[in-house]
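In terms of my numbering, the sequence shown opens at residue 105 and continues consecutively.
Ideal Cβ positions, reconstructed from N, Cα and C, are used throughout, including at glycine.
A short worksheet on the structure shown next.
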Amino acid sequence: MENTRKSNKQEAIPLILTVVLVIAALLVFFIGRSVPNLDLRISIFLFFLIDIGFLVALILGTKAKQFGIRVISVLSNGLFFIALSFLTFALALAYGLSGP
């Protein structure tokens, strides 16, 4: 009984990590907009770290034994990874155009 509970917690880690990373990305986005003199490099770096977290969650999700968790984890983490990569690229492009 305790062994199955531990295995269920291990299976849910990629989904929990995805939710935490989405909340962190939203916090960085809204806090970055509300702080007036925040350097754009800080937001780019934080989004890059969150993007790496989505890759880690994607890899952990592919190792899950339950098929449903594997599919949901791969689809959601892949979608969030692509969206956040695009946002990070757009921020880096804006930083490059505006200059340091």
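Within 8 Å of any Cβ in chain C, is that where the Cβ of residue i sits?
i, result
"residue 123", "Chain labels in this structure do not include chain C; a single protein chain is all it has."
Looking at residue j and residue i, is the spacing between their C-beta atoms short of 8 Å?
i, j, result
"residue 158", "residue 184", "yes"
"residue 195", "residue 147", "yes"
Could you please give the first and the last residue of the uninterrupted alpha helix (DSSP H) stretch that includes residue i?
i, result
"residue 142", "Unbroken run through residue 142: none, as it is neither H nor E."
"residue 196", "171-202"
From residue i to residue j, what distance separates their C-alpha atoms?
i, j, result
"residue 169", "residue 161", "14 Å"
"residue 114", "residue 174", "12 Å"
"residue 133", "residue 197", "17 Å"
Going by DSSP in three states, residue i sits in which element: helix, strand or coil?
i, result
"residue 129", "helix"
"residue 116", "helix"
"residue 161", "helix"
Going by Cα to Cα distance, which pick from the options is closest to residue i?
i, options, result
"residue 201", "119, 144, 127", "144"
"residue 123", "132, 198, 181, 191", "181"
"residue 186", "172, 141, 203, 155", "155"
"residue 117", "171, 199, 164", "164"
"residue 188", "142, 149, 120, 119", "149"
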